[in-house]
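Here the structure comes first, spelled out in structure tokens, and everything after it is commentary.
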Amino acid sequence: MLDAARALPWASGGTVGDQLDRRGPAGKAALDRAISRAPVLSADYVTDGSARVELGLPIEAVRIAIEEPRWITPGPATPSAPTAIVVDARRFKIALAVGFHLDPATVAPVVFATTPPGADVLGAAPVQVRATRVQDGTLHVEGADLGGVSGALVVVMVRQIP
Numbered sequence: 073m074l075d076a077a078r079a080l081p082w083a084s085g086g087t088v089g090d091q092l093d094r095r096g097p098a099g100k101a102a103l104d105r106a107i108s109r110a111p112v113l114s115a116d117y118v119t120d121g122s123a124r125v126e127l128g129l130p131i132e133a134v135r136i137a138i139e140e141p142r143w144i145t146p147g148p149a150t151p152s153a154p155t156a157i158v159v160d161a162r163r164f165k166i167a168l169a170v171g172f173h174l175d176p177a178t179v180a181p182v183v184f185a186t187t188p189p190g191a192d193v194l195g196a197a198p199v200q201v202r203a204t205r206v207q208d209g210t211l212h213v214e215g216a217d218l219g220g221v222s223g224a225l226v227v228v229m230v231r232q233i234p
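Under this note's numbering, the residues of the sequence shown are numbered 73 to 234, in order.
Structural data, given as structure tokens:
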């Protein structure tokens with residue numbers, strides 16, 4: 073799993089492994105911790121006593137191993153705060169990668185989807201925005217004032233997931 077994580081592309085170029093090498097031993101230790109906490113997605117037990125186990129390593133856990141957590145400053149909750157930001161980036165050919173960010177700067181986990189998730193994922197007040205360009209791992213968006221938004225899930229809509 074470590075080799076597969078190191079081979080993942082990094083949004084601004086290179087690979088996760090390149091970014092980990094720049095971070096040094098602390099990065100490798102952080103990724104080792106993330107891998108040790110990878111949840112079991114499925115387990116098949118075979119009659120000979122062996123087992124086939126599939127683990128899942130969240131992309132955000134890989135990003136945190138490199139960039140450290142995105143710190144969210146608590147503040148008073150406002151009724152108008154979005155519960156999620158849905159970015160329509162389908163007009164761009166985006167290679168899925170670790171480490172994407174939104175501009176204006178938004179502190180939030182980023183996931184990719186081909187169809188919009190339901191309200192159970194997006195919450196009661198999702199905001200729709202459109203990507204205007206993609207540059208060096210940053211999705212530039214328009215369509216809403218995202219200044220001060222932090223913690224809301226960012227769902228990037230892409231044409232297909234390879």
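We put the CB at the ideal spot given by N, CA and C, even for glycine. The structure displayed is predicted, hence computed values, not measured ones.
Rounded to a whole number of angstroms, what is the C-alpha to C-alpha distance between Lys165 and Ala196? The residue you call residue 165 lines up with position 93 of the sequence shown. The residue you call residue 196 lines up with position 124 of the sequence shown. When rounded, the distance between both Cα atoms is 29 Å.
Taking buried to mean at least 16 other C-beta atoms within 10 Å of its own C-beta, is Arg94 buried or exposed? For this step, residue 94 is matched to residue 22 along the sequence shown. Classified as exposed, Arg94 has fewer than 16 neighbouring CB atoms from the shown chains inside 10 Å of its CB.
Between the alpha carbons of Ala106 and Met73, how many angstroms are there, rounded? Here the question's residue 106 lines up with position 34 in the sequence shown. Here the question's residue 73 lines up with position 1 in the sequence shown. Taking the straight line from one Cα to the other gives about 11 Å.
Taking just the CA atoms, how far does Leu129 sit from Asp160? Here residue 160 corresponds to residue number 88 of the sequence shown, with the count starting at 1. Here residue 129 corresponds to residue number 57 of the sequence shown, with the count starting at 1. Looking at the two C-alpha atoms, the distance is approximately 25 Å.
Determine the direct distance from the alpha carbon of Ala110 to that of Gln91, and round the result to whole angstroms. Translated into the one-based positions of the sequence shown, residue 91 becomes position 19. Translated into the one-based positions of the sequence shown, residue 110 becomes position 38. Roughly 20 Å between the two C-alpha positions.
On the three-state DSSP scale, how would you describe Ile107? The sequence position of residue 107 within the sequence shown is 35, counting from 1. Collapsing the DSSP output to three states places Ile107 in a helix.
Just to check my reading of the structure: Thr155 and Ala203 have Cβ atoms closer than 8 Å, yes? What is that Cβ distance to the nearest angstrom? Within the sequence shown, the letter at position 83 stands for residue 155. Within the sequence shown, the letter at position 131 stands for residue 203. 20 Å between Cβ atoms; not a contact.
Classification of Ile131 by the beta-carbon crowding that lies within 10 angstroms, buried from 16 upward: Position 59 of the sequence shown, counting from 1, holds the residue named residue 131. With 16 or more neighbouring CB atoms inside 10 Å of its own CB, Ile131 falls in the buried class.
Which parts of the segment 118-194 are runs of the alpha helix (DSSP H), unbroken and 4 residues or longer, counting only runs that do not cross its ends? Those alpha helix (DSSP H) runs which fall completely within the segment 118-194 and span 4+ residues are 131-139 and 191-194.
Checking the sheet assignment: what are the DSSP bridge partners for Ala115? Counting from one through the sequence shown, the residue named residue 115 turns up at place 43. In DSSP, Ala115 forms a bridge with Val125.
Around the C-beta of Ala123, are 16 or more other C-beta atoms found within 10 angstroms, so that it is buried, or is it exposed? What you label residue 123 is simply residue 51 of the sequence shown in a count that begins at 1. Ala123 comes out exposed.
Just checking: is the beta-carbon of Leu92 within a distance shorter than 8 Å of some beta-carbon in chain D? The displayed structure is made up of one protein chain only, and chain D is not part of it.
Rounded to whole angstroms, what is the Cα-Cα separation between Ala137 and Ala102? Numbered from 1 along the sequence shown, position 65 holds the residue referred to as residue 137. Numbered from 1 along the sequence shown, position 30 holds the residue referred to as residue 102. One C-alpha to the other measures close to 5 Å.
Based on Cα-Cα distance, which residue from Val183, His173 and Thr178 lies nearest to Ala153? Position 81 of the sequence shown, counted from the first residue, corresponds to residue 153. Considering only alpha carbons, the answer is Thr178.
On the CB-based measure, 16 or more other CB atoms within 10 Å of its CB, does Ile233 come out buried or exposed? As a first step, residue 233 must be located in the sequence shown, where it is residue number 161. By the Cβ-count criterion, Ile233 is exposed, with fewer than 16 other Cβ atoms from all chains shown falling within 10 Å of its own Cβ.
What residue range does the beta strand (DSSP E) around Leu92 cover? Along the sequence shown, one-based indexing puts residue 92 at 20. Per DSSP, Leu92 lies in no beta strand (DSSP E); the unbroken alpha helix (DSSP H) holding it starts and ends at Val88 to Arg95.
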